[in-house]
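J.: Quick one: the structure is below, and I'll ask about it shortly.
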């Protein structure tokens, strides 16, 4: 169990805010920066910080869409969905062995 | 679920390493710094960093025992045990609503 948590502490999703971002994105094809920010009640700077870390880790990708005004979109990658599954598996073990 | 994770991100136990420390301490009356460090495979500096944060948050207390040589002991507080219970409850909800 301790080993599992060590694994979690090294995951890009081993942080509640980043885990919340991934859980929000999983069932959605994509989300706008703005909807994500409102759903998670984060400041733009704070969300930007976490998205940058997640994008560098390959968990999400971001891109701009241009309609009436440019909007930033965020989506989870296949690798990100797999990592999320792994993190949820670890958390399940931690809870069950509690 | 997102709200629950926001609560978790504000908890002193909302970090896998600190969660592992609390889970290790819960069933024990106390642990030595050294046994904790070995069980969690942390460097002394890293463990010290997390213990300091947990002690400031009232989750654990540390003290020195003097035998043949001084040893640092760590134990979870009542407040810490309650916070751990709350964090495990939150994680259970995140998993079950997944």
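Chains as they are written, first to last, in the numbering used here: chain L, 10 to 107; chain C, 10 to 107.
Quick reminder that beta carbons are idealized off the backbone N, C-alpha and C, glycines included.
As the structure is a prediction and not an experimental result, all values here were calculated from the model.
#1: Less than 8 Å between the CB atoms is what I'm expecting for residue 88(L) and residue 104(L), so what's the real figure, rounded?
#2: How would you write the range of the alpha helix (DSSP H) that residue 84(L) sits in, first residue to last?
#3: Taking the beta carbon of residue 53(L) as the centre, do at least 16 other beta carbons fall within 10 Å, making it buried, or is it exposed?
#4: Quick check: the Cα distance between residue 13(C) and residue 93(C), rounded to an integer number of angstroms?
#5: Please state the DSSP three-state secondary structure of residue 39(C).
#6: Enumerate in chain order the residues of its own chain whose CB-to-CB distance from residue 64(C) is below 7 Å, with the five nearest sequence positions on each side excluded.
#7: If we define contact as Cβ-Cβ less than 9 Å, is residue 70(L) a contact residue for chain C?
#8: With DSSP as the reference, identify every bridge partner of residue 74(C), one or two as the case may be.
#9: Using DSSP's beta-bridge definition, name the partner residues of residue 69(L).
#10: Along chain L, which residues have their Cβ under 8 Å away from the Cβ of residue 79(C)?
#11: Determine which residues of the region 23-45 of chain C have a Cβ less than 8 Å from any Cβ of chain L, and write them out in chain order.
#12: I'd like the list of long-range same chain contacts for residue 60(C), defined as Cβ closer than 7 Å, with 5 residues on each side in sequence excluded.
T.: Considering the structure as presented:
#1: So it is not a contact: roughly 25 Å between Cβ atoms.
#2: Segment 79-85 is the beta strand (DSSP E) holding residue 84(L); no alpha helix (DSSP H) there.
#3: exposed
#4: 14 Å
#5: coil
#6: 70, 71
#7: no
#8: 80(C)
#9: 85(L)
#10: In chain order: nothing, as chain L lies at least about 26 Å away.
#11: 23, 24, 25, 26, 28, 29, 32, 33
#12: 69, 71, 83
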